[in-house]
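Just so we're aligned, residue 1 is where the sequence shown starts under full-length UniProt numbering, counting upward by one.
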Amino acid sequence: MSRSVVQRCCVCGHEARIESSKIISDKLKLLYCGCKDPTCGHTWVMNLEFSHTLSPSALKLPEELREKVKTVPPAQQQNLFA
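Okay, here's the thing in structure tokens:
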């Protein structure tokens, strides 16, 4: 099941839609939004920005270490990084 974030208009509180977007960098995207309530009609721009990493990507590990991790049982994989 997918989840999505519902944006709300800061003027009237109705749902909004993202009309378009513009990539500024690999960590910042501008979202052009519009209120779905035609009597309101408010439009605005939001920033969607990368903040910080919670768990680093395994793709950044050297290939030989990634291969070694695949051969170790899951319960012991954490010990490879201690």
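Each residue gets a CB set at the ideal place from its N, CA and C atoms; glycine is no exception.
- The DSSP-derived three-state label of V11 is coil.
- Counting along the chain, K70 sits inside the alpha helix (DSSP H) bounded by residues E63 to T71.
- Residues of the same chain with a CB within less than 7 Å of the CB of E19, apart from the 5 flanking positions on each side, are Y32, C33 and G34 in chain order.
- Within the same chain, Cβ atoms closer than 8 Å to the Cβ of L61 are found at V69, the five residues on either side in sequence being excluded.
- Annotation: A58 is outside any beta strand (DSSP E) and is labelled neither H nor E by DSSP.
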